[in-house]
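Throughout the sequence shown, residue numbering follows my numbering, covering 6 to 122 in sequence.
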Amino acid sequence: MARTKRPEDLLPLTPQVYGVLLALGDETRHGYAIIQEFERRTGEQGTLLPGSLYNTLGRMLRAGLVEEVPAPPDETDHRRRYYHSTPFGKAVARAESARLARLLRLAEANDLLVDPA
Numbered sequence: 006m007a008r009t010k011r012p013e014d015l016l017p018l019t020p021q022v023y024g025v026l027l028a029l030g031d032e033t034r035h036g037y038a039i040i041q042e043f044e045r046r047t048g049e050q051g052t053l054l055p056g057s058l059y060n061t062l063g064r065m066l067r068a069g070l071v072e073e074v075p076a077p078p079d080e081t082d083h084r085r086r087y088y089h090s091t092p093f094g095k096a097v098a099r100a101e102s103a104r105l106a107r108l109l110r111l112a113e114a115n116d117l118l119v120d121p122a
């Protein structure tokens, strides 16, 4: 019998995978909308690029982190593919968030955080 993967088995996540999971949240989005949402939320540009995004989404599909879902009924561009986080993908994002929070607490304890200007 195959062993079920635990979220921790996939950590640490790459910035691209974590960024996609953060941008999706509980929403369904097509590729370009994932990029736009990530940039809107983080203010970072260039972390998620169209060429690498679709390779990242392919790996995430195979790992069970996201699933491709039907386009909304009002979608006019039928070339777009829509994605949604799976429950496992959300569990992995929570585990990565907890891992990063532990690292931030350590950085804070060592006075390594920069005060916002």
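All residues carry an ideal CB built from backbone N, CA and C; glycine is no exception.
Cross-strand partners of residue i (DSSP beta bridge)
i      : result
His-35 : Tyr-87
Extent of the continuous alpha helix (DSSP H) run through residue i
i       : result
Glu-101 : 92-114
Val-22  : 20-29
Ala-68  : 55-68
Start-to-end residues for the beta strand (DSSP E) that takes in residue i
i      : result
Glu-72 : 71-74
Given residue i as reference, the closest of the options once Cα atoms are compared
i       : options                  : result
Arg-34  : Leu-62, Ser-102, Ala-106 : Leu-62
Pro-75  : His-89, Ala-100, Arg-64  : His-89
Leu-123 : Val-22, His-83, Asp-120  : Residue 123 lies beyond the stretch modelled for the chain, which goes from 6 to 122, so this question has no answer here.
Asn-60  : Thr-19, Ala-106, His-83  : Thr-19
Tyr-37  : Glu-113, Pro-77, Pro-55  : Pro-55
CB contact flag (residue i, residue j, <7 angstroms)
i       : j      : result
Leu-142 : Arg-86 : A question about residue 142 goes unanswered here, because the residues of the chain that appear run from 6 up to 122.
Gln-50  : Glu-42 : no
Leu-58  : Gly-24 : no
Residue i: CB within 6 angstroms of a non-hydrogen atom of the ligand GDP
i      : result
Pro-12 : Absence of the ligand GDP is noted for the structure shown, with no ligands found whatsoever.
Sufficient close CB pairs (3 or more, under 8 angstroms) joining the segment 28-44 to the segment 9-17: no
Inter-stretch contact at 8 angstroms, needing at least 3 Cβ pairs: the segment 91-99 / the segment 63-81: yes
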